[in-house]
Amino acid sequence: MLIKKRLSMRKNRIQASDSVRIIGGQWRGRRVEVCQNTSVRPTPDRVRETLFNWLSNILPGARCLDLFAGTGILGLEALSRGADEACFIESNPLLVKSLKKQAITFGANAQVVKADVLEVMSTVPSKLFDIVFMDPPYMMDLSKVILQLPPWVNCENLVYVERQAMPHINPIDQMVESDPSLIVKKKGSAGQVVYGLLTLKK
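Per this note's numbering, residue 48 is the first one in the sequence shown, and the count goes up by one each step.
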């Protein structure tokens, strides 16, 4: 009950503010629109700072895939910090419209696809990606998405996953224990969020 209350308070704070800022790179300080009347939860600044410190050596020139993109803050932050291109997959039409607007505003090398993630992942990709971001609805089972990932990523890949913290269980560890193709490179937590940087064995 306490977790739900805190998440609700956090969601209300986000909706009260209509933007979230990019915290590093060429677009540092610029704002990314947060659509009202959606359940989107942009990754907190503190978590993004940690994540992109982890990725700093491999971001330049990287191809990024942002699944369940929401505001697109992860992919846009990656582009700001030197990634070559980003593909955003999002099913909510309001968020897709906002993402396309953001991509034009920033002059980003970005592709925005309105589609269900699993439907997209079941198709043959036109290119391979180096980094995958996954910040899905917190209670969503990601096992089917993970199964579809191998054809989409390079051998040297990194997969970022963000989940809701749970009592007595780390959802990142739980994912890895149930899928031997995943290896944890780094992990952390902040408030009610746990997150990890994984690699997918091909």
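Here a beta-carbon is modelled for each residue, glycine too, at the ideal position from N, C-alpha and C.
Along the length of the segment 86 to 127, whole beta strand (DSSP E) runs at least 3 residues long occupy 110 to 114, reported in chain order.
Taking a cut-off of 8 Å for Cβ pairs, the segment 86 to 100 and the segment 151 to 163 do not touch, as fewer than three such pairs fall below it. Under the DSSP assignment, A150 falls in the alpha helix (DSSP H) whose first and last residues are P140 to F153. Partner residues in a beta bridge of M168, as assigned by DSSP, do not exist.
Judged by DSSP secondary structure, M222 falls within the alpha helix (DSSP H) whose first and last residues are P218 to S225. Annotation: L175 is outside any alpha helix (DSSP H) and is labelled neither H nor E by DSSP. For V81, the three-state secondary structure derived from DSSP is coil. Of the residues A157, V200 and I151, the one whose Cα lies closest to the Cα of D177 is V200.
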